[in-house]
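Asker: Take any residue in the first sequence, note its place counting from 1, add 822, and you have its number in our numbering. Backbone N, C-alpha and C define an ideal beta-carbon position, used for all residues, glycine too.
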Amino acid sequence: MQFLPQSFYARSARKVAEELLGKRLVRLLGADRVSGIIVETEAYCDADVPDLACHGDRANNGRPTARTAVMFGPAGHAYVYFTYGMHWMFNVVTGNDGEANAVLVRALEPDEGLETMRALRRRSDKELTNGPAKLAQALVIDKTLNGVSLLDSNDSIWIEEGIHISRERIATGPRIGMGQTPEPWFSMPWRYWIRDHPFVSR
DNA sequence: CCGGCGATGGTCT
DNA sequence: GACCATCGCCGGC
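1. Please go through the same chain and pick out, in chain order, the residues whose beta-carbon is closer than 6 angstroms to the beta-carbon of residue 832, but skip the five residues on each side of it.
2. Taking the C-alpha atoms as reference points, what is the distance between residue 915 and residue 908?
3. Any contact between the segment 913-932 and the segment 856-867? By contact I mean 3 or more CB pairs, one from each, below 8 angstroms.
4. Beta carbon of residue 982, beta carbon of residue 861: below 7 angstroms?
5. Less than 7 angstroms between the beta carbons of residue 980 and residue 830, yes or no?
6. Which runs of the alpha helix (DSSP H), 4 residues or longer, sit entirely within the segment 839-890?
7. Any idea if residue 890 is buried or exposed, counting beta-carbon neighbours within 10 angstroms, 16 or more meaning buried?
8. Helix, strand or coil for residue 983, going by three-state DSSP, please let me know.
9. Rounded to the nearest angstrom, what separates residue 903 and residue 892 at their Cα positions?
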């Protein structure tokens, strides 16, 4: 297996968000390998740029809280948080240790473990992983994975090399769900996706 | 099939 | 009360 090295993650969130497109997110469930190709991401708290859309900058004046502590830790770890009373979101920590940096993985193209995903999601195939909470459900991602390392297989979740995505196929735009977030953060084009891909979330 | 809308309901503010 | 969302239901094409 080719685990992405820590040096891949220890860069700006925007760079990592763009380069995660085409990589393979793998979850090991017992003997079952469940995986998908990453097709949509969002950068939060990019290095040295204040980001009021980001938990790490919005909460507690940019200081860590119990919820956001992992974001401030070393790159290459999972930041998993809970929202809307029922959904888990999977992020990867990027940037420098001590700074809040992360990339939200918003959608996958299912690859391995289709039968497992179908049993977990109970939806049509195109609805298996085309949204951040959907892919968390399809890969059984919850708070028990908050803070674990993605740099080896010890915690049954990691990211591998996948398929190459040429620059022409990458689209960018404002992030989803900005709500009352003020400008300029509301419109910052820190969402990345594979153009016209059927598993992108909207 | 697709878009709008209300309900959902834990955690942190 | 807001929140990095989804689902079921309703109307329309």
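Answerer: Considering the structure as presented:
1. Taking the first sequence and counting its residues from 1, the one referred to as residue 832 is at position 10. Within the same chain, residue 832 has close Cβ partners 897.
2. Counting from one through the first sequence, the residue named residue 915 turns up at place 93. Counting from one through the first sequence, the residue named residue 908 turns up at place 86. Each residue's Cα considered, the two are about 22 angstroms apart.
3. yes
4. Numbered from 1 along the first sequence, position 160 holds the residue referred to as residue 982. Numbered from 1 along the first sequence, position 39 holds the residue referred to as residue 861. No.
5. Working through the first sequence from its first residue, we reach residue 980 at position 158. Working through the first sequence from its first residue, we reach residue 830 at position 8. No, these two residues do not count as a Cβ contact at 7 angstroms.
6. 877-880
7. As a first step, residue 890 is located in the first sequence; it is residue number 68 there, counting from the start. Buried.
8. Taking the first sequence and counting its residues from 1, one reaches residue 983 at position 161. Three-state result, residue 983: coil.
9. Here residue 903 refers to the residue found at position 81 when the first sequence is read from its first residue. Here residue 892 refers to the residue found at position 70 when the first sequence is read from its first residue. Roughly 10 angstroms between the two C-alpha positions.
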